[in-house]
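*Asks:* In this note's numbering, the protein residues as written are 93 to 310. All C-beta atoms in this analysis are idealised placements derived from N, C-alpha and C, irrespective of residue type, glycine included.
(1) Using a threshold of 8 Å, state whether the C-beta atoms of residue 194 and residue 229 are closer than that.
(2) Taking DSSP as the reference, what is the three-state secondary structure of residue 150?
(3) Inspect the beta-carbon positions of residue 169 and residue 189 and report whether they are closer than 8 Å.
(4) Tell me where the alpha helix (DSSP H) around residue 268 begins and ends.
(5) Could you give the DSSP three-state label for residue 101: helix, strand or coil?
(6) Under the three-state reduction of DSSP, which class applies to residue 184: helix, strand or coil?
(7) Using DSSP's beta-bridge definition, name the partner residues of residue 96.
(8) Applying the 10 Å Cβ sphere with the 16-neighbour rule, what's the burial state of residue 295?
(9) So does the segment 246 to 255 actually touch the segment 211 to 224, counting three or more Cβ pairs closer than 8 Å?
(10) Between residue 236 and residue 225, is the Cβ-Cβ spacing less than 8 Å?
(11) Could you name the residues that DSSP lists as bridge partners for residue 128?
(12) Whose C-alpha, out of 186, 187, 181, is nearest the C-alpha of residue 208?
(13) Return the chain-ordered list of same chain residues with a C-beta closer than 6 Å to the C-beta of residue 116, the five sequence neighbours on each side being excluded.
(14) Where does residue 124 land, buried or exposed, given buried means 16+ other C-beta within 10 angstroms?
(15) Could you spell out where the beta strand (DSSP E) holding residue 314 opens and where it closes?
(16) Mind checking whether residue 134 and residue 155 have CB atoms under 8 Å apart?
(17) Suppose you measure from the CA of residue 186 to the CA of residue 101; what does that come to, to the nearest Å?
(18) Taking the C-alpha atoms as reference points, what is the distance between residue 163 and residue 220?
(19) Terminal residues of the continuous alpha helix (DSSP H) containing residue 171?
(20) Measure from the alpha carbon of residue 122 to the alpha carbon of each residue in 178, 159, 113, 93, then state which is nearest.
(21) From which residue to which residue does the alpha helix (DSSP H) around residue 291 run?
(22) Looking at the strands, I want to know which residues DSSP matches up with residue 257.
Structure below.
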């Protein structure tokens with residue numbers, strides 16, 4: 093199973109994540125996040141990443157232009173979007189980007205949300221299922237309901253069998269260990285963030301290693 097360590101703000105955390113086998117390392121360029129890093133700092137962190145293909149740029153842009161500008165500034169081709177419509181994403185197709193669209197889930201999967209999942213599944217390379225709170229997806233540390241995440245994954249995979257589906261939302265090494273069979277059956281990867289921290293943006297190295305090991309056993 094693929095592993096993403098998200099919310100990286102320090103070189104030391106980045107090095108541990110890469111050394112112990114993280115597939116992706118996420119840099120959050122979303123101002124509402126306590127793990128926000130600006131473009132200059134992202135470039136500095138990137139300079140310490142041996143495999144640049146592991147970098148993921150997390151954005152909540154208002155326009156397609158903003159995505160392209162930040163891609164050109166950083167060179168990061170893995171783009172995780174917490175906004176933009178299916179039409180906007182279609183307009184990104186001419187650029188050689190790998191698009192991961194975050195999908196917010198809280199208490200149910202409405203008909204509207206189901207249709208959104210289907211549309212994004214057909215356009216994107218991957219979906220990231222995360223908890224939605226007060227209209228915003230991601231950064232809550234709240235566990236996504238597994239029954240709904242499984243349902244969303246089925247909907248997405250039926251729409252696009254080549255799609256990768258990742259799960260986020262309060263993920264911890266302990267949760268992954270206790271639900272290994274569910275992870276194997278329904279998800280291609282897991283996104284760890286707040287459960288690995290002593291405070292926002294400050295990762296505990298032992299927990300990074302535990303997280304990677306727990307997911308790689310799935």
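*Replies:* In short, the structure shows the following:
(1) Here residue 194 refers to the residue found at position 102 of the chain shown. Here residue 229 refers to the residue found at position 137 of the chain shown. The answer is yes: Cβ separation under 8 Å.
(2) In the chain shown, counting from the first residue as 1, residue 150 sits at position 58. The three-state reading of DSSP puts residue 150 in strand, counting E and B together.
(3) By 1-based counting over the chain shown, the position of residue 169 is 77. By 1-based counting over the chain shown, the position of residue 189 is 97. Contact flag set, yes.
(4) Here the question's residue 268 lines up with position 176 in the chain shown. If you look at residue 268, you'll find it in the alpha helix (DSSP H) that goes 265 to 270.
(5) Sequence index remark: in the chain shown, residue 101 carries index 9 (1-based). It is coil, neither helix nor strand.
(6) Along the chain shown, one-based indexing puts residue 184 at 92. Three-state DSSP puts residue 184 in coil, outside helix and strand.
(7) For the purposes of this step, residue 96 is taken as the residue at position 4 of the chain shown. 116, 283, per the DSSP bridge assignment.
(8) Locating residue 295 in the chain shown gives position 203, where the first residue counts as 1. Result: buried.
(9) yes
(10) For the purposes of this step, residue 236 is taken as residue 144 along the chain shown, with counting starting at 1. For the purposes of this step, residue 225 is taken as residue 133 along the chain shown, with counting starting at 1. In this structure, residue 225 does not lie closer than 8 Å to residue 236 by Cβ.
(11) As a first step, residue 128 is located in the chain shown; it is residue number 36 there, counting from the start. Under DSSP, residue 128 takes part in a beta bridge, and its partners are 120.
(12) Here residue 208 refers to the residue found at position 116 of the chain shown. Considering only alpha carbons, the answer is 181.
(13) In the chain shown, counting from the first residue as 1, residue 116 sits at position 24. These residues qualify, in order along the chain: 96, 146, 148.
(14) Locating residue 124 in the chain shown gives position 32, counting from the first residue. Per the 10 Å Cβ criterion, exposed.
(15) Within the shown structure, residues of the chain are numbered from 93 to 310, placing residue 314 beyond reach of any answer.
(16) Taking the chain shown and counting its residues from 1, the one referred to as residue 134 is at position 42. Taking the chain shown and counting its residues from 1, the one referred to as residue 155 is at position 63. In this structure, residue 155 does not lie closer than 8 Å to residue 134 by Cβ.
(17) The residue labelled residue 186 in the question sits at position 94 within the chain shown. The residue labelled residue 101 in the question sits at position 9 within the chain shown. In a straight line, the C-alpha of residue 186 is about 30 Å away from that of residue 101.
(18) Residue 163 sits at position 71 when you count from the first residue of the chain shown. Residue 220 sits at position 128 when you count from the first residue of the chain shown. The straight-line gap from Cα to Cα measures roughly 20 Å.
(19) The residue labelled residue 171 in the question sits at position 79 within the chain shown. Where residue 171 is concerned, there is no enclosing alpha helix (DSSP H), although the beta strand (DSSP E) it sits in stretches over 170 to 173.
(20) Here the question's residue 122 lines up with position 30 in the chain shown. That would be 159, whose Cα lies nearest to the Cα of residue 122.
(21) Your numbering for residue 291 matches position 199 in the chain shown. Premise fails: residue 291 lies in the beta strand (DSSP E), 289 to 291, not in any alpha helix (DSSP H).
(22) Mapped onto the chain shown, residue 257 falls at position 165. Per DSSP, 219.
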